[in-house]
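Residue numbers (our numbering): -18 to 273.
Have a look at this one:
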């Protein structure tokens, strides 16, 4: 199987270079143009302090961690507040759920064991896992990624639980200097997004210089198409993607976001991983001999 020399756009920021290497290994030409960055929100604000006080004053029966970055960022700031050891002790008395292996690995660095990781590493996967427990009158703490999910919170509350949630960062098409340092400390070879790069990406898609475009998170989809709308290029871009470009999604959540914008997904792997995504794309290209 091979990508046959096609040009593949990469919209990821945190693992852009890793994904570019995978594309090259499968015989493709990577085109790196991140559409998503992060803004650090967890400075010593009243919101941060309120969340910490809440989880210390209330018995938390379940704690859900959505991303490794969320764990790292929260714990670094707990350390600055001299609350890290106290929170770690509280976490050892609760059921810890990690959405994927990434937050589990970060938690392990602080001596915290993850009790459960869902088979499907999505918010829906977390819900299917936790709903098996009796959640009536249970307190659930959630450390989100850059986006909250009101639907997920309502579903948990409908089962009788009380939810305490917090996010240590938000998504943006910009990557703050402090946020970049956090990613660097975590070992990511990130590529910072810029509006200029995204504008050129759209132009190159329209000109036919790109054969396929990959999306590895719902926020990357949102930021990209919101930018296109603000720059009056959404309709033409949507038409181009649906008729001339292979649209590749890493998993169901990302695919749903693409569909909300009216974008058809051509390739999605059965295993929601970057390597599997590119392998699936290579299979598609090899089977059909050409793109679209």
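Backbone N, C-alpha and C define an ideal beta-carbon position, used for all residues, glycine too.
Quick caveat, the model's predicted, so the values are computed rather than measured.
Status (buried if at least 16 other CB within 10 Å, exposed otherwise) for residue i
i, result
"residue 25", "At residue 25 the pLDDT is 48, less than 50, meaning the model places this residue with poor confidence and gives no usable figure here."
"residue 115", "exposed"
"residue 156", "Note that residue 156 scores a pLDDT of 46, beneath 50, so its modelled location is shaky and nothing firm can be said."
"residue 86", "exposed"
"residue 9", "buried"
"residue 119", "buried"
"residue 194", "buried"
"residue 188", "exposed"
"residue 158", "Low local confidence applies: a pLDDT of 49 at residue 158 is under 50, so the model's placement there is unreliable, and no value is given."
"residue 92", "exposed"
"residue 146", "buried"
"residue 72", "buried"
"residue -10", "buried"
"residue 106", "buried"
"residue -5", "buried"
"residue 51", "buried"
"residue 235", "buried"
Nearest candidate by alpha-carbon position, reference residue i, set the options
i, options, result
"residue 197", "15, 49, 40", "15"
"residue 144", "132, 123, 129", "123"
"residue 247", "214, 192, 210, 256", "192"
"residue 74", "256, 36, 178", "36"
"residue 100", "263, 267, 259, 254", "254"
"residue 96", "64, 194, 215, 110", "110"
"residue 3", "67, 129, 269, 258", "258"
"residue 34", "47, 54, 50, 59", "59"
"residue 98", "214, -6, 44, 260", "44"
"residue 82", "106, 252, 49, 5", "49"
"residue 7", "239, 260, 210", "260"
"residue 139", "61, 70, 117", "117"
"residue 69", "94, 84, 80", "94"
Beta-carbon proximity check, residue i vs residue j, cutoff 8 Å
i, j, result
"residue 277", "residue 17", "The structure shown does not extend to residue 277, since the chain is modelled only from -18 through 273, so no value can be given for it."
"residue 229", "residue 186", "no"
"residue 205", "residue 219", "no"
"residue 126", "residue 148", "yes"
"residue 233", "residue 29", "no"
"residue 179", "residue 208", "yes"
"residue -17", "residue 267", "yes"
"residue 88", "residue 46", "yes"
"residue 108", "residue 90", "no"
Where the beta strand (DSSP E) through residue i begins and ends
i, result
"residue 147", "143 to 148"
"residue 227", "227 to 230"
"residue 256", "Residue 256 -> not in any beta strand (DSSP E); alpha helix (DSSP H) instead, spanning 255 to 269."
"residue 193", "193 to 196"
"residue 122", "120 to 125"
Start and end residues, alpha helix (DSSP H) containing residue i
i, result
"residue 209", "199 to 211"
"residue 185", "176 to 188"
"residue 238", "233 to 241"
(request) Entirely within the stretch 20 to 87 and at least 4 residues each: give me those alpha helix (DSSP H) ranges in chain order. (result) 27 to 38, 49 to 61, 65 to 72
(message) At 4 residues or longer, what runs of the alpha helix (DSSP H) sit wholly inside the stretch -17 to 12?
(response) -3 to 6
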